[in-house]
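Beneath this line is the structure, given in structure tokens, with notes to follow.
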Amino acid sequence: MNTPEFQILLSTAPDQASAELLARDLVKLKLAACVNLMPQVTSIYSWQDKIEQEQEVLLLIKSKTAKFAAIEDWLDKNHPYDVPELISCNINEVSASYGQWLTNSLDTKL
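Take 34 as the starting number for the sequence shown in our numbering and just add one per residue.
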């Protein structure tokens, strides 16, 4: 089975300002070609044996599959949460022109 070349990674941030900082740095460092920010996402989750509910900003991080480990490492060091969310969704198909743009936007060094 072939490994997909591209992924969308999901993460959340506590507010718009921190989400924008994370997104800009990911793009500046060429870890992501693009990051979409979706504000006011309601998250309900268990944390330290309590049910929590928060308004967060969802980050849709578009990158290459091979960059997952580097993104994970960077988020662990730079994210305001103790346990930053990072979930990958493989992109099975992408238009040729968009795939080329993604490739050109990302550093070729891993």
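By construction, the Cβ of each residue, glycine as well, lies at the ideal position given by its N, Cα and C atoms. Bear in mind that the values here come from a model prediction, so they are computed numbers and not experimental data.
Buried or exposed by the 16-neighbour rule on C-beta atoms within 10 Å, applied to residue i
i      : result
Ser128 : exposed
Val68  : buried
Thr75  : exposed
Gln40  : buried
Lys83  : exposed
Ile120 : exposed
Ser130 : exposed
Simplified DSSP state of residue i, which is helix, strand or coil
i      : result
Ser121 : strand
Lys63  : coil
Endpoints, the beta strand (DSSP E) within which residue i is located
i     : result
Gln40 : 39-46
Lys83 : 83-97
Inter-residue CB distance, residue i and residue j (contact presumed, cutoff 8 angstroms)
i      : j      : result
Val90  : Pro113 : Val90 to Pro113, Cβ: 11 angstroms. No contact.
Ala46  : Leu92  : 6 angstroms
Lys63  : Leu139 : 5 angstroms
Ile124 : Pro37  : 6 angstroms
Ser51  : Pro117 : Not quite, the Cβ-Cβ distance comes to about 11 angstroms (not below 8 angstroms), so this is no contact.
Ile94  : Leu70  : With a Cβ gap of about 10 angstroms, Ile94 and Leu70 do not count as contacting.
Cut-off 6 angstroms between Cβ atoms - residues of its own chain near residue i, not counting five sequence neighbours on either side
i     : result
Arg57 : none
Glu87 : Ser76
Same chain, Cβ closer than 7 angstroms to residue i, five either side skipped, listed in chain order
i     : result
Tyr78 : Glu85
Chain-order list of residues whose beta-carbon lies under 8 angstroms from that of residue i (same chain, five-residue window excluded)
i      : result
Thr98  : Thr36, Pro37, Glu38, Phe39, Gln40, Ser121, Asn123
Leu55  : Ser44, Ala46, Val68, Leu92, Leu108, Asn111, His112
Trp134 : Ala66
Element boundaries [alpha helix (DSSP H), containing residue i]
i      : result
Asp109 : 101-111
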